[in-house]
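K.L.:
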Amino acid sequence: MRILVVEDDLDLNRQLCEALTEAGYVVDHAEDGEEGHFLGDTEPYDAVILDLGLPVLDGLSVLENWRRDGKTMPVLILTARDRWSDKVAGIDAGADDYVAKPFHMEEVLARVRALVRRAAGHASNEIICGPLRLDIKAGKLTKDGASVKLTSHEYRLISYLMHQKGRVVSRTELIEHLYDQDFDRDSNTIEVFVGRLRKKLGGELIETVRGLGYRLGSEND
Amino acid sequence: MTEETISSAAEEAGKAKPRQRSLSGRLIAVATIWSVVAIAVAGFILVTLYRQASESAFDERLDVYVKAIIGDMAGGEPGKPTRPDNLGEPRFDLPVSGWYWTIVDDRQGAVVFASLSLFGDALDLPALPASGETTSVTSGPDGEEIRILQRRITFNDEEVYRIAVAGATKELREQTAEFAGQVALTLTVLGLGLVGAIFLQVRVGLRPLRDLRQSLANVRNGDAESVEEDLPKELAPLAIELNDLIRSNREIVERARTHVGNLAHALKTPLSVITNEARGTDGPFAAKMAEQAAIMRTQVEHHLERARMAAQRRVIGVSAEIEPVVARLARAMSKIHADKDLDIDFEVPKGIRFRGEQQDLEELIGNLLDNACKWSNSRVCVTVKPAPAAGEGRERVEIEVSDDGPGLTAEQRKEAVKRGRRLDETVPGTGLGLSIVADIARIYGGALELDVSELGGLSARLILPMAQAAVRI
């Protein structure tokens, strides 16, 4: 899962990036509204954490521009202005949730998790696909009740496929959502990780759809 | 200074100094006094002129009789005065009729002839000056007031006679009195008409002032944003000044609010950094930092809230329609609490308005609605309706937010509205929610009441001042 953090306070920006990376997300970050808007406009993110008080272009305008251009990724706004009028203005501009400053990192992580899950159409923190069971909150995967040990790269890949279960996911989409913008897109890392996951989970679960990409589970699962 | 002390100071000032009488009172009083005096003087002059005219007509009549008597005297045998007997006035022949004539020999003082009406009495003649003619008022034989005209004539070059003709003034006086009565009646009617016209003129003339007052009251009540400036040119500058004052008042509050917002932003971001840095580090120093940061956070929240409260309610002439606010918040809530798939119903009559700041209304309903959404199982309901007025011109509105959650016990309900209480630490929130609502409601002279809702959970009922715009249900 790839997350964009737009926050002008460098320390807070770093803390958010660290916490999100630790939670298993791939994180890009921007320090002003213009850069944030550009990234959100050009890269596919699974969620955006957007501060409202930004230099160059304020957060609300960034959000409005994205929504006007048809960008639908979930957006969590961070705001120090915690009056309802400010919160509602943010929601009306297209935000999906808000966190008022000062906040605890756990709260932000919980909200991001919920947003990503909801955007993929899952109602609970558990996604089930055949024998696989993903606990998003705990970051754990089990197969037939037994815990599966995964590296962070493997976890990101299976988590993304679980979120998009039943749908064919192209190699490009995987790269876009699992790596940050500096990743070398021509490398064959995805194939390597899919191979490792098949070894751990059994070869039949992740299906290769020739010429299109990979699919986890069937459409009606 | 609080509102109460200001108003009581104003009351004291009002007691010490008698209230200025009303402008229309002054105008009507001055105009009425002037009209009454003018009419009284006019009446007096009219009656005086009438009396003078009547007297002079009376005198002319006496003069005609004198001339007739002289003619009759000379009309008989030559050289000898003849008794005049045909003056054409029967009252000269009726005893004590009030009409008399007499001819006196001016040298000897003896009565030569006298009218039959004198009945042998002598007419008491006032002195006749050398000019030979006088008119005077005296008493007749019967004690009645008479007006008497005397003239001295020389007959046959040697005999000098004094001719006197008198008539009772009773009739004259009666006519004058009757005229005076009619004049008084006419002038009274005229006077009343004048006073009525003055009253009307003052009412019409001062209507713009009344309009201005109404307009200002509308602003005060939040039914209008500014005073109507379409007024006569004497008042228009006042309305413009008032509007400037209202605008600057609004701007000051807006600025104060912006400063508070800026301060909040400036403090809260570093606080987030410190909190998270401390929580991500082990050791006593980090623990101390986390603890202190938590204290700072509480303090910042507390003082920011106080600063906001101070800025609130100082603005006059604002009101907010409730329906759009509830609709907007309900929309936002269903997004914020998307996981719960809540059914948020609201029933708000169109056009019903809160007398106060829209931001405050959003804060009040937002906190209650957010609270209800956090706790409810599936249903949240907002009902708005007019509440019984707190007195003349103090209409109120009731906003009820209820949910089907676990609700609160009577004890908890009492506790919840106290400042800074958070009943459940596991549900995120600043811990100020319900008590902030109660505080803001109190600032507006309203109240927050907690009860058990019909849905089974908590029912939070807000009573707030309602703007007096027409309620269209």
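These protein sequences, in sequence, are chains A and B. The first sequence runs 1 to 221 under full-length UniProt numbering. The second sequence runs 1 to 473 under full-length UniProt numbering. The beta-carbon is built from N, C-alpha and C at its ideal position, and this holds for glycine as well.
Grouping DSSP H, G and I as helix and E and B as strand, with all else coil, what is B:LEU329?
P.N.:
The answer is helix: DSSP assigns B:LEU329 an H, G or I state.
K.L.:
State yes or no: is the C-beta of B:VAL227 within less than 8 Å of the C-beta of B:LEU242?
P.N.:
Cβ distance < 8 Å, so B:VAL227 and B:LEU242 count as in contact.
K.L.:
Using only alpha-carbon positions, find the residue among B:GLN359, B:VAL326, B:LYS374 that is nearest to B:GLY351.
P.N.:
For the residues B:GLN359, B:VAL326, B:LYS374, the minimum Cα distance to B:GLY351 belongs to B:VAL326.
K.L.:
Please compile the residues from chain A whose C-beta is within a distance smaller than 8 Å of the C-beta of B:GLN292.
P.N.:
By Cβ distance, chain A contributes nothing, its closest Cβ being about 13 Å from B:GLN292, past 8 Å.
K.L.:
Against chain B, does A:PHE38 count as a neighbour if the rule is that its beta carbon must be under 8 Å from one of theirs?
P.N.:
It does not: the Cβ of A:PHE38 has no partner Cβ on chain B nearer than 8 Å.
K.L.:
What three-state label does DSSP hand A:LEU12 in the structure shown?
P.N.:
The answer is helix: DSSP assigns A:LEU12 an H, G or I state.
K.L.:
Could you tell me the boundaries of the alpha helix (DSSP H) in which B:THR188 lies?
P.N.:
Unbroken alpha helix (DSSP H) run through B:THR188: 170 to 205.
K.L.:
Return no unless some Cβ of chain A is closer than 8 Å to the Cβ of B:GLN299.
P.N.:
B:GLN299 does not count as touching chain A.
K.L.:
Of all the alpha helix (DSSP H) runs that stay within the bounds of the stretch 31 to 73 of chain A, which reach a length of 4 or more residues?
P.N.:
List check, alpha helix (DSSP H) in window: 33 to 42, 59 to 68.
K.L.:
Which term fits A:GLN15, buried or exposed, when burial requires 16 or more other beta carbons within 10 angstroms of its beta carbon?
P.N.:
A:GLN15 comes out buried.
K.L.:
Leaving out the 5 sequence neighbours to the left and right, which residues in its chain are closer than 8 Å to B:ILE146 when beta-carbon positions are compared?
P.N.:
Excluding positions up to five away in sequence, the list reads GLY98, TYR100, VAL137, THR138, SER139, GLY140, ALA166, GLY167, ALA168, THR169.
K.L.:
Using a Cβ-Cβ cut-off of less than 9 Å, give me the residues of the stretch 56 to 88 of chain A that come near chain B, in sequence order.
P.N.:
So the list reads LEU78, THR79, ALA80, ARG81, ASP82, ARG83, TRP84, SER85, ASP86, LYS87, VAL88, given in the order they occur along the chain.
K.L.:
Answer with yes or no whether the minimum CB distance from B:VAL427 to chain A is below 8 Å.
P.N.:
Reliability of the predicted coordinates at B:VAL427 is poor, the pLDDT of 45 falling under 50, and the value obtained from them is presented with this limitation in mind. Chain A, which has no Cβ nearer than 8 Å to the Cβ of B:VAL427, makes this no.
K.L.:
Looking at the structure shown, is B:MET466 part of a helix, part of a strand, or coil, going by DSSP?
P.N.:
Three-state DSSP puts B:MET466 in a strand.
K.L.:
Is there a Cβ of chain A sitting closer than 8 Å to that of B:GLY366, yes or no?
P.N.:
So, interface residue.
K.L.:
Measuring only between beta-carbons, confirm whether A:LEU54 sits less than 8 Å from chain B.
P.N.:
Judged by the 8 Å Cβ criterion, A:LEU54 is not in contact with chain B.
K.L.:
Comparing alpha-carbon positions, which option in A:ARG185, A:ALA119, A:ASP32 lies nearest A:GLY59?
P.N.:
Taking only the C-alpha atoms, the option nearest A:GLY59 is A:ASP32.
K.L.:
Please classify A:ARG83 as buried or exposed, where buried requires at least 16 neighbouring CB atoms within 10 angstroms.
P.N.:
Counting Cβ neighbours within 10 Å, A:ARG83 comes out buried, since at least 16 surround it.
K.L.:
At least one CB of chain A closer than 8 Å to the CB of B:VAL219: is that the case?
P.N.:
Chain A contact via Cβ: absent.
K.L.:
Would you report the Cα separation of A:LEU52 and B:SER378, rounded to the nearest angstrom?
P.N.:
When rounded, the distance between both Cα atoms is 31 Å.
K.L.:
Run the CB neighbour count on B:LEU200, radius 10 Å, all protein chains shown included, and call it buried at 16 or more, exposed below.
P.N.:
It is exposed - the Cβ of B:LEU200 has fewer than 16 other Cβ atoms within 10 Å.
K.L.:
Name, please, each residue of chain A whose Cβ falls closer than 8 Å to the Cβ of B:GLU363.
P.N.:
Chain A residues near B:GLU363: ARG83, TRP84, SER85.
K.L.:
Which residue wins for smallest C-alpha separation from residue 278 of chain A, given the options A:GLN181, A:ASP144, A:ASP182, A:HIS122?
P.N.:
Since the first residue of chain A shown is 1 and the last is 221, residue 278 of chain A is not available in this structure.
K.L.:
How would you write the range of the alpha helix (DSSP H) that residue 480 of chain B sits in, first residue to last?
P.N.:
What is shown of chain B runs 1 to 473, which leaves residue 480 of chain B out entirely.
K.L.:
Would you list the residues sitting across from B:ALA387 in a DSSP beta bridge?
P.N.:
B:ARG396, per the DSSP bridge assignment.
K.L.:
Please name the residues in the stretch 260 to 272 of chain B whose beta-carbon is closer than 7 Å to at least one beta-carbon of chain A, in chain order.
P.N.:
For the stretch 260 to 272 of chain B, which is checked against every Cβ of chain A, the residues closer than 7 Å are GLY261, ALA264, HIS265, LYS268, THR269, LEU271, SER272.
K.L.:
When you compare the CB of B:ASP339 with every CB in chain A, is at least one pair closer than 8 Å?
P.N.:
Chain A contact via Cβ: present.
K.L.:
Where does residue 477 of chain B land, buried or exposed, given buried means 16+ other C-beta within 10 angstroms?
P.N.:
Residue 477 of chain B lies beyond the residue range present for chain B, which begins at 1 and ends at 473; the question has no answer from this structure.
K.L.:
What is the DSSP secondary structure of A:VAL75, counted as helix, strand or coil?
P.N.:
A:VAL75: strand per DSSP, three-state reduction.
K.L.:
Give me whichever residues DSSP pairs with A:HIS29 in a beta bridge.
P.N.:
A:VAL5.
K.L.:
Run through the stretch 116 to 169 of chain B for me and flag every whole alpha helix (DSSP H) of 4 or more residues, listed as ranges in chain order.
P.N.:
DSSP runs (the alpha helix (DSSP H)) wholly in the stretch 116 to 169 of chain B: none.
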